[in-house]
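S.K.: Here you go, one structure.
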Amino acid sequence: MQSLTPEEQRRTAGFFTTEISHRVKRPLRLMEVCGTHTVAIFKAGIRQLLPAGVELVSGPGCPVCVTPNEYLDTAIAYSRQPNVILTTFGDMLRVPGSSSSLLVEKAAGADIRIVYSPLESLDIARDYPDKQVIFLAVGFETTAPTAAATVLTAARADLKNFSVLSSHKLVPPALQALLDRPGVRVDGFLLPGHVSAVIGVEPYRFLQRNFGIPAVIAGFDPLDILQSVYMLVRQLEDGAAKLENQYSRIVPAAGNPAACKLLEQVYQPADTVWRGLGMIPSSGLVLRPGYSAFDSRSKLPVVVEPASEPKGCRCGEILQGSIKPTACPLFGRSCTPDHPVGSCMVSVEGTCAAWHKYGAGRWQL
Amino acid sequence: MTMERIQLAHGSGGKLSHDLVNQVMWPAFANPILGEMHDGARFSINGAGLAFTTDSYVVKPLFFPGGNIGKLAVCGTVNDLAMTGAVPLYLSAAFVLEEGFPLVDLKRIVDSMAETASRAGVQIVTGDTKVVEKGAVDGIYINTAGVGQIRENVNVSGCQARPGQDIILSGTLGEHSIAVMSERHGLVLPETIVSDCAPLNGLVEQILSRVPQTAVLRDPTRGGLATALNEIAEQSQVGIMLEETSIPVQAAVRATCDILGFDPLYLANEGKMLLFVEPEYSSQILEIMHGHPYGRQACVIGSVIGQRPGQVGLSTAIGGVRLLDMLTGAQLPRIC
């Protein structure tokens, strides 16, 4: 829709918002699962365009936000080891662990390097054969295939000094766990477009089958999002609970079979802890036993400090959509993007960071 | 968590940089000239209005599409002087060289500085060279300082934004950051993006000689357009409202930003300027800019408003409005 002129964009947005306003007869809570959606919603000023009865709440779809302290503490412990180079995507650097962060460790001298692709880690491993290079493998179904491909490349090259500290997570089990919780009220889901491009449509079918909740796989353009909200509202007001794919230009029904095959080959599902949501069965990915030579935890044991959560931080409730960031006593006071206390304030895609950066999403003159 | 050490984000030009200056440098150095918070200091000696500025350049890689560290070191200081409303005259150049640095690279850098200075009409009149042990610096660091003469009847300052003024941007955003980043990380981009690194004093000269009523000049370098406008909004205690669809960004830059999770409004530029002026002068300034190689894509991107003092708002393509904050931390590539 980016090919539309500004006038056409405004007109199309006007159509969707008018239709939404006409159709909404009761308060609706719609959850955008993905952090990229959260940011796109704020950046485009979509909250301001929606009628007061339509509430957008953010879900557990920011990989940085749901990474537990235990993982960060492990990464920090590795960074303090001599002869270790940590490689990571940039936004992991600022996440506070129990008593430090990778950025603080980097400033103190740890060898931590930002990479744009996990494959860059292999070049570093080749350049420093006397050092152990550990890639922080964090992210959902979107990034896991590239990490899997990196492990396969390392295996083919017989690289002995490369491993991954895996904390990959799967989105559908988290949605299931969220809906199984008492007190969580979501009327409809905006499902993540990037994740869906890998896994396809069917893994979300349980939303319709088990919970009778409407869901729309949504693109990231502002008009994609508005259209997806409109599709959800239309379903809800018609009493329907369908699984629709607004982002079909990118998301084939079957997803990306090659990426899924890579995941299947290298990883296996495992129970894993999500920050704020706790242990969720079969929601993580760990390396299969055949690739344990590339699993940091089994290859390079390290002593990790006991994990502790920051006092007063309510990231957990925010990740479940139970409270708004402004309800957290730390928000905007002791917890700001420059000095984040909780993970939701760290990532550019974190709910609290987005609320803070964009002034809670409601600019009024 | 107490931040007890300097982090990279302290040098990003965003909020942490400001906090560092306000909490460490300002209490130690406080004086009225520094308090103006201009791109350079403005003062007078025996009645002659002068501008004085300094900057250090630590860019990696040293050579990138559209420029190198030497060209950047001259353009940056020339532009800082130009943005105070001064005519840049003389520069100093100080080099910190790493043991083992290739002489051929140094020569390329120095030649580029000489050529850029000549193009900008300034002279490098003093300098310094130090060599440190291998590993103590990353190849070469350059510091340049410059002095210039303030024009008579011209008074541009970040404190002079007033409601009703138009905000003019001289061209597209973000090419410098993306050019450097693509070279640094070997990114394969849809097309080569070239840094906009350029001396702007010639363009400023043409504008100020014909429209001395220009109220504010600023080059949106580190921290980008958003941070520069936030600084001005704060200094002048006015609100600013931008039109998203009016802000020019090259398609390739936008596409790269989408992939990496960057916002072009926060990317550094090295050859762009912002200008605040009463609307009756806008068309004249645009005409001047459009006739100059560094201003061909100049346009009005928004205006100063009386409400929300100290804040910048953005009217989005689909008709929403949002806050446009100062850069927080450094822009880091996201996970997904």
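For the protein sequence lines, the chains are A and B, in the order given.
For what it's worth, the numbering used here labels the leading residue of the first sequence as 1, then goes sequentially.
For what it's worth, the numbering used here labels the leading residue of the second sequence as 1, then goes sequentially.
Using N, Cα and C, we set each Cβ at its ideal position, and we do this for glycine too.
Treat the numbers as computed from the prediction; the structure is a model and nothing was measured.
1. What does His185 of chain B reach in chain A if we use C-beta pairs closer than 7 Å?
2. Along the chain, where does the alpha helix (DSSP H) that runs through Asn210 of chain A open and close?
3. Can you name, in chain order, every residue of its own chain whose Cβ lies under 8 Å from the Cβ of Gln123 of chain B, other than the five neighbours on each side?
4. Would you mind working out which of B:Gly139, B:Leu103, B:Lys71 sits nearest Ala120 of chain B, comparing C-alpha positions?
5. Helix, strand or coil for Met273 of chain B, going by three-state DSSP, please let me know.
6. Do you know whose CA, among B:Gly11, B:Glu175, B:Val204, B:Gln235, lies nearest Ser195 of chain B's CA?
7. Quick one: does Glu264 of chain A have its CB under 9 Å from some CB of chain B?
8. Is there a C-beta anywhere in chain A that falls below 9 Å from the one on Arg162 of chain B?
9. Give a yes or no on whether the minimum CB-CB distance between Phe42 of chain A and chain B is below 9 Å.
10. In chain order, what residues of the same chain have a beta carbon less than 6 Å from the beta carbon of Asp325 of chain B, not counting five sequence neighbours either side?
11. Who pairs with Tyr141 of chain B in a beta bridge, going by DSSP?
12. Quick one, are the C-beta atoms of Val204 of chain B and Leu217 of chain B less than 9 Å apart?
13. Measuring CB atoms only, is the stretch 155-175 of chain A touching the stretch 121-131 of chain A, in the sense that at least three cross pairs come out at less than 8 Å?
14. Of all the options B:Ala198, B:Ile193, B:Leu242, which has the alpha carbon lying nearest to the alpha carbon of Pro293 of chain B?
15. Can you list, in chain order, the residues of the stretch 13-41 of chain B whose Cβ is nearer than 8 Å to any Cβ on chain A?
16. Candidates A:Val133, A:Pro310, A:Thr18, A:Phe89: which alpha carbon is nearest Arg275 of chain A's?
17. Just to confirm the assignment: which complete beta strand (DSSP E) runs, minimum length 3, are found wholly within the stretch 11-90 of chain B?
18. At a Cβ threshold of 9 Å, is Gly261 of chain B touching chain A?
19. Name, please, each residue of chain A whose Cβ falls closer than 7 Å to the Cβ of Ala233 of chain B.
20. Determine whether the beta carbon atoms of Leu102 of chain A and Val95 of chain A lie at a separation below 9 Å.
21. Once DSSP output is grouped into helix, strand and coil, what is the label at Asp73 of chain A?
22. Name the residue from B:Gly271, B:Cys299, B:Ala268 whose alpha carbon lies nearest to the alpha carbon of Tyr281 of chain B.
23. Determine the DSSP secondary structure at Met92 of chain A, reduced to helix, strand or coil.
24. Say whether the stretch 243-252 of chain A touches the stretch 33-49 of chain A, bearing in mind that this needs 3 or more beta-carbon pairs closer than 8 Å, one atom from each stretch.
25. Cα separation between Ala110 of chain A and Ser236 of chain B?
26. Express the C-alpha separation of Pro63 of chain A and Phe140 of chain A in angstroms, rounding to a whole number.
27. Determine the direct distance from the alpha carbon of Ala251 of chain B to that of Gly261 of chain B, and round the result to whole angstroms.
28. Report yes or no: do three or more beta-carbon pairs, one from the stretch 141-155 of chain B and one from the stretch 53-67 of chain B, lie closer than 8 Å?
29. For the 8 Å Cβ check, are there 3 or more pairs between the stretch 153-170 of chain B and the stretch 273-292 of chain B?
30. Determine the DSSP secondary structure at Glu278 of chain B, reduced to helix, strand or coil.
31. Can you name the residues that DSSP bridges to Trp355 of chain A?
32. Please state whether the Cβ-Cβ distance between Leu189 of chain B and Thr256 of chain B is less than 9 Å.
33. Would you kindly work out how many angstroms separate the C-alpha atoms of Cys335 of chain A and Met25 of chain B, rounded to a whole number?
34. Would you tell me roughly how many angstroms separate the C-alpha atoms of Lys107 of chain B and Arg42 of chain B, rounded to the nearest one?
35. State the Cα-Cα distance for the pair Gly321 of chain A and Asp258 of chain B, rounded to the nearest angstrom.
36. Please say whether Pro257 of chain A and Leu236 of chain A have beta carbons closer to each other than 9 Å?
M.R.: Let's see:
1. Tyr116
2. 205-211
3. Leu89, Tyr90, Leu91, Ala117
4. B:Lys71
5. coil
6. B:Glu175
7. no
8. no
9. yes
10. none
11. B:Val96
12. yes
13. yes
14. B:Ala198
15. Lys15, Leu16, Asp19
16. A:Pro310
17. 41-45, 48-57
18. yes
19. Per Cβ cutoff of 7 Å: no residues; Ala233 of chain B is ~13 Å from chain A at best.
20. yes
21. helix
22. B:Cys299
23. helix
24. no
25. 42 Å
26. 7 Å
27. 15 Å
28. yes
29. yes
30. coil
31. Answer is none; Trp355 of chain A lacks a bridge partner.
32. yes
33. 25 Å
34. 33 Å
35. 26 Å
36. no
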